[in-house]
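Student:
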Amino acid sequence: MVNAIQPPSQNTTTRPRISFLGCGYLGATYAICFAELGYEVVGFDVDAAKIESFNTGVLPMHEPGLPELLKKNLESGRLRFTTDVQAVADFADVHFICVGTPQRKGEHGADLSYIETAVVNLSKHLSRKVLIVGKSTVPVGTAQWVQELVDRHAPEGLGVEVGWSPEFLQESNAMHDVLRPNRIVYASQSEWASQLLKDVHRGILELAAVEDREVPVVETDLATAELVKVAANAFLATKISFINAMADLSEAAGADVVDLARAIGYDQRIGNRFLRAGIGFGGGCLPKDIRALSARAGELGVGESFRFLDEVDSVNTRRRTHTVRAVADLAGRTSGPNGPDLSGVRIAYLGATFKPDTDDIRDSPALDIARRLRSARADVVVYDPEGLENAKAYAPELSFVKTLAEAVADADVVCAMVPWEEFRTLDPEALGRQVAERRILDGMNAFDPEQWRKHGWSYQGIGR
Ligand code: UDX
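Read in order, the letters of the sequence shown correspond to residues 387 to 850 in the numbering used here.
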């Protein structure tokens, strides 16, 4: 359901025109939501097919609520998308850089080449003073380098400035996180830029005021703004690996990590979110961000202080081998030095995306475990509500089916891996009638073990 927003009045002196460069999950969501907040917005991307799709009102990704908002704001005339960088340079007062910063091949550091291309390209086409604001997640020090790029490539004497404003949106909740963020963070290098950043965020604060909420604003320096994002993600990743380590201990000691997480989470100093033990974290952010942070800390001479992040990463990766072993145990197969031999075992594999309510499969633990099970010669039949297309392209060796019923038919083991609503609400008795054997690996820790056992299932959760 989209909560309709009345765009505030359009006072152009306090409503800068905005561009978002890079229309992936991040840039597209921002462009659409800022149009919804009443700003005039253009989204830029080099991918012509994607731009065409946006302009015809078709969101080329799965993100709840966003398709409706895209259509509405295209119709309002405040939103458009283009591949024409000159048009973008002429249009906007503030340009947000939202391109990807993936992990460099064979290294832990971030690949900044998309940022470089976007900034250089834009700078060359500018003809007036504007503000360029980084949103992409980057190693600390990048903003300074971006300013140098701008100084080198923008026409002389324009005085173009660089600012930074990290984002914290979670895929599957992206629209809410942009329109109603729990904080705004930005950095600038002058009074002029600071005022522009205030004006750019005014719409969010006005919406908050209407809804009787407060959104804290942290204005800081460039380096801190860059660090805030990676620090937040590293902290979240650490929390997840902590609870997954406790899951291992719980399994070894015969305890239940789900109850444990609930019990410690009531302490507000700890908090109950991001304490779900399972198959580990994935996605386009957490895994690469902790590696990039650790690599950058090393470059700056403080690598030792971040060694624990390498362990956070290892705990997370070990979830995958651990889960393969758990499936083998359920199937009654022993594991040798090369892992188990699962030939002849038909697995109904539920979930391929890195989390529910997205079609994003980047660094998806579920998909990686599916591939490992296939390498162990299992017959892996994958079903996912939205991620099938992306998963098929990435892991063609797996079998994919379009319905849950096809996946579970005659299965020897059911692996429920991603907590989509459709999986969390499975009924043990009805499901039991479709499978060959009542064995379930609950990688989501979403089921009541007693309930399933009562219906004759061999149930295995994670850390319980
Ligand atoms: C993350 C940050 O949450 C967000 O603030 C930032 O802007 C981008 O990176 P996202 O990658 O969309 O967002 O996913 P998130 O919801 O954080 O989940 C990351 C991974 O952790 C998923 O694989 C998820 O399944 C896993 N996870 C999350 C757990 O394993 N346990 C938990 O308790 C929570």
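Ideal placement from N, C-alpha and C gives every residue a C-beta, glycine not left out. Here the structure is a predicted model, which means the values were calculated and not measured.
(1) Candidates Gly410, Met632, Arg810 and Ser405: which alpha carbon is nearest aspartate 746's?
(2) Buried or exposed for glycine 640, please, with buried defined as at least 16 other CB atoms from any protein chain shown within 10 angstroms of its CB.
(3) Considering Cα atoms alone, identify which of Gly849, Glu815 and Met830 is closest to arginine 839.
(4) Compute the distance between the beta-carbons of glycine 668 and serine 761, then report whether it is under 8 Å.
(5) What number of angstroms, rounded off, separates the C-alpha of asparagine 724 from the C-alpha of alanine 712?
(6) Assuming threonine 415 contacts leucine 555 (C-beta within less than 8 Å), just tell me the rounded distance between them.
(7) Grab me the residues of arginine 705's own chain with a C-beta within less than 7 Å of its C-beta, minus the 5 sequence neighbours each way, in chain order.
(8) In its own chain, which residues sit with a C-beta less than 7 Å from the C-beta of valine 698, not counting the 5 before and 5 after it?
(9) Per DSSP, what are the beta-bridge partners of serine 551 in this structure?
(10) Between glycine 664 and ligand 1, is the CB less than 7 Å from at least one heavy atom?
(11) Where does threonine 468 sit, in a helix, a strand or coil, going by DSSP?
(12) Are there any heavy atoms of ligand 1 lying less than 7 Å away from the beta-carbon of glutamate 605, as far as the coordinates show?
(13) Assuming the contact rule is C-beta atoms closer than 8 Å, glycine 829 and serine 636 should be a hit. Round their C-beta distance to whole Å, please.
(14) Taking only heavy atoms of ligand 1 into account, decide whether any of them is closer than 7 Å to the Cβ of glutamate 449.
(15) Does the pairing of the stretch 543-551 with the stretch 572-584 give three or more beta-carbon distances under 8 Å?
(16) Measuring CA to CA, which of Phe430, Asn831 and Gln837 is closest to alanine 643?
(17) Sort Ala478, Glu836 and Phe420 by Cα distance to leucine 456 and report the nearest one.
(18) Answer yes or no: the CB of glutamine 846 versus the heavy atoms of ligand 1, is any distance below 7 Å?
(19) Given 8 Å as the limit, is there contact between the stretch 676-695 and the stretch 774-790, that is, 3 or more CB pairs closer than that?
(20) Could you check what DSSP says for leucine 812 in three-state terms: helix, strand or coil?
(21) Quick check on the burial criterion: 16 or more other C-beta atoms within 10 angstroms. Buried or exposed for lysine 521?
(22) Within 10 angstroms of its Cβ, does alanine 475 collect 16 or more other Cβ (buried), or is it exposed?
(23) Below 8 Å, can you find three or more Cβ-Cβ pairs linking the stretch 523-531 to the stretch 488-502?
(24) Would valine 444 be called buried (16 or more neighbouring beta carbons within 10 Å of its own) or exposed?
(25) What distance in whole Å lies between the Cβ atoms of proline 602 and arginine 569, which are believed to be in contact at a cut-off of 8 Å?
(26) Could you give the C-beta distance for glycine 896 and glycine 842, rounded to a whole number, given that I count them as a contact under 8 Å?
(27) State yes or no: is the C-beta of valine 799 within less than 8 Å of the C-beta of valine 731?
(28) Assign alanine 802 to one of three DSSP states: helix, strand, or coil.
(29) Would you identify the three-state DSSP class for isoleucine 676, choosing helix, strand or coil?
(30) Taking only the alpha-carbon atoms, compute the straight-line gap between isoleucine 590 and aspartate 433 and give it to the nearest angstrom.
(31) Alanine 816: beta carbon under 7 Å from a heavy atom of ligand 1?
(32) Excluding sequence positions up to five away, which residues of its chain have a Cβ less than 8 Å from the Cβ of glycine 408?
(33) For proline 742, which residues from the same chain have a beta carbon less than 6 Å from its beta carbon, with the 5 sequence-adjacent residues on both sides left out?
(34) Quick one: what's got a C-beta closer than 8 Å to glutamine 837's C-beta in the same chain, skipping five residues either side?
(35) Buried or exposed for glycine 737, going by 16 or more other Cβ atoms inside 10 Å?
(36) Which whole runs of the beta strand (DSSP E) in the stretch 691-775 are 3 residues long or more, in chain order?
Tutor: This is what the structure gives:
(1) Gly410
(2) exposed
(3) Glu815
(4) no
(5) 15 Å
(6) 6 Å
(7) Asn630, Ile665, Gly666 and Pro751
(8) Ala623, Thr624, Ser627 and Ile676
(9) Answer is none; serine 551 lacks a bridge partner.
(10) yes
(11) strand
(12) no
(13) At roughly 15 Å, the Cβ-Cβ gap does not stay under 8 Å, so glycine 829 and serine 636 are not in contact.
(14) no
(15) yes
(16) The sequence given here places valine at residue 643; alanine does not occur at that position. Checking every option, the nearest Cα to that of valine 643 belongs to Asn831.
(17) Phe420
(18) no
(19) no
(20) coil
(21) buried
(22) buried
(23) yes
(24) exposed
(25) 5 Å
(26) Shown here, the chain extends from 387 to 850; a query on residue 896 therefore has no answer.
(27) yes
(28) strand
(29) helix
(30) 29 Å
(31) no
(32) Phe430, Asp431, Ile483, Cys484, Val485, Gly486, Tyr500, Ala504 and Ser522
(33) Val804, Pro805 and Trp806
(34) Pro814
(35) buried
(36) 732-736 and 765-769
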